[in-house]
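First the structure, in the form of structure tokens, and then the observations on it.
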């Protein structure tokens, strides 16, 4: 599959958002979310403005598009200046995004502290071996939460 002129145009816009954000004191990440050749959302990383560690360009673009279209973004594509982190990639899967492109890899970003390869490596381990403990804890009296939710949907 070759990149089209439209793909390159969308990626250039994502990179322009990243460059402008870096010039304004932010991190060099931008994203453009597209469906059927139409840009639905544009975003740059806003961690520096908000203090929110989840304010990644891809997530902000997904949130903007989902606020208008709902949580399923089937048929959409996202163009990101950098390799999506695991959080952003998971959001793409959860929202049904059909395709994703990135310009700069984790290897490109590593010398600048912009790689998420270590997080990908952690997530590849079984949960019990990851550096962040993940443990199940359900109070003894707790039961039926998912059944309650399922009943409301029918």
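In my numbering, the protein residues as written are -5 to 148.
The C-beta atom is built at its ideal place from N, Cα and C for all residues, glycine as well.
Just so we're clear, the structure is a prediction, and the values are computed from it rather than from any experiment.
For residue 103, report the span of its beta strand (DSSP E) as first-last. Residue 103 -> not in any beta strand (DSSP E); alpha helix (DSSP H) instead, spanning 100 to 103.
Tell me whether residue 79 sits in a helix, a strand or coil according to DSSP, three-state version. coil
Could you name each continuous alpha helix (DSSP H) segment of 4 residues or more that falls completely within the region 14 to 70, going from the start of the chain to the end? 41 to 44 and 51 to 63
May I ask you to verify whether the region 34 to 42 touches the region 54 to 61, counting CB pairs closer than 8 Å and requiring at least 3? yes
Please work out which residues of its chain come closer than 6 Å, Cβ to Cβ, to residue 68, disregarding the five sequence neighbours upstream and downstream, and give them in chain order. 90
If I follow the unbroken alpha helix (DSSP H) through residue 117, where does it start and stop? 111 to 118
What does the Cβ neighbour count give for residue 109, buried or exposed, with the cut at 16 atoms within 10 Å? buried
By a C-beta neighbour count over all protein chains shown, 10 Å radius and 16 as the cutoff for buried, is residue 87 buried or exposed? exposed
Three-state secondary structure assigned by DSSP to residue 93: strand
Alpha carbon to alpha carbon, how far is residue 48 from residue 100? Give it in angstroms, no decimals. 18 Å
Inspect the CB distances between the region -5 to 6 and the region 16 to 23 and report whether three or more fall short of 8 Å. no
Going straight from the alpha carbon of residue 152 to that of residue 130, what length do you get? Residue 152 falls outside the range modelled here, since the chain spans only -5 to 148, and no answer is possible.
Please name the residue, chosen from 80, 73, 113 and 63, that lies closest to residue 10 on a Cα-to-Cα basis. 73
Residue(s) in a DSSP beta bridge with residue 72: 27 and 94
With a CB to CB cut of under 7 Å and the five nearest residues on each side skipped, what residues in its chain are close to residue 116? 124 and 125
What does a CB cutoff of less than 6 Å around residue 93 pick up in its chain, not counting 5 residues either side in sequence? 71
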